[in-house]
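S.K.: Just so we're on the same page, this note's numbering is the position in the sequence shown counted from 1, plus 10. Idealized CB from N, CA, C, for every residue including glycine. Provided herewith is a single structure, encoded as structure tokens, for subsequent inquiry.
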Amino acid sequence: MKTFIDTNVLIYWVDDSARADRVEQLLAQQSVISVQVLNEFANVLRKKRAMPVADIQTLSDTLIEVCEVHDVRVRTHQLALGLMIRYNFSLYDANIVAAAGLSGCEVLYSEDMQDGLNVKLPDFSTGNTLSIRNPFRS
11 MKTFIDTNVL
21 IYWVDDSARA
31 DRVEQLLAQQ
41 SVISVQVLNE
51 FANVLRKKRA
61 MPVADIQTLS
71 DTLIEVCEVH
81 DVRVRTHQLA
91 LGLMIRYNFS
101 LYDANIVAAA
111 GLSGCEVLYS
121 EDMQDGLNVK
131 LPDFSTGNTL
141 SIRNPFRS
């Protein structure tokens with residue numbers, strides 16, 4: 011089963027914690043991220059963690075190797091706008107949900123979105139429903 015990992019979950023990957031271990035488990039599966047996630051990941055590591063760019067590049071390269079990476083396209087944007095209206099998502103969250111849906115994922119792991127929400131996707135997307143789950147909840 012393909013799963014999408016949101017930036018707010020992926021950030022824990024660089025920590026030395028049980029949450030980092032959980033992210034490692036998710037990355038070992040059929041994981042998908044988007045270019046937006048890569049950009050947000052790099053931005054948080056640089057601005058909030060003051061990580062050197064060379065280290066960020068190494069981590070980003072690893073993610074690109076182990077994950078399927080969804081390019082943000084016009085179709086992603088169009089779907090995101092519809093999801094903003096229907097679910098009252100922010101534009102950035104809606105783009106994450108749209109990328110997950112268009113990538114054929116059944117689950118989106120996010121710590122910030124509503125745990126357990128099932129998002130109905132339009133007919134032109136790959137799947138019918140995307141389930142949002144917090145991977146750190148039991």
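Checking the sheet assignment: what are the DSSP bridge partners for residue 142?
M.R.: Answer is 118, bridged to residue 142.
S.K.: So residue 119 packs on residue 14, CB below 8 Å; how close in whole Å?
M.R.: That belief holds up - the Cβ atoms of residue 119 and residue 14 are roughly 7 Å apart, short of 8 Å.
S.K.: Evaluate residue 145 with the Cβ neighbour count: other Cβ atoms within 10 Å of its Cβ, from every protein chain shown; 16 or more gives buried, anything less gives exposed.
M.R.: Buried: at least 16 other Cβ atoms inside 10 Å.
S.K.: If you drop the 5 nearest sequence neighbours on each side, which residues of the same chain put their C-beta closer than 7 Å to that of residue 152?
M.R.: Because the chain here runs from 11 to 148, residue 152 falls outside it and cannot be looked at.
S.K.: Roughly how many angstroms separate the alpha carbons of residue 70 and residue 97, rounded to a whole number?
M.R.: In a straight line, the C-alpha of residue 70 is about 30 Å away from that of residue 97.
S.K.: Do residue 109 and residue 93 have their C-beta atoms closer together than 8 Å?
M.R.: No, the Cβ-Cβ distance between residue 109 and residue 93 is not below 8 Å.
S.K.: Excluding five sequence neighbours on each side, which residues of the same chain lie with their C-beta closer than 6 Å to the C-beta of residue 63?
M.R.: Here the set comprises nothing.
S.K.: Once you ignore the five residues that flank residue 20 on each side, which residues in its own chain have a CB closer than 8 Å to its CB?
M.R.: These residues qualify, in order along the chain: 33, 43, 47, 51 and 73.
S.K.: Compare the C-alpha of residue 100 against each of 111, 122, 115 and 75 and name the closest.
M.R.: Looking at the Cα atoms, 122 is the closest of the given residues.
S.K.: DSSP three-state call for residue 82: helix, strand or coil?
M.R.: Residue 82 falls in the coil class under three-state DSSP.
S.K.: Using DSSP bridges, identify the partner residues of residue 130.
M.R.: Its beta-bridge partners are 139.
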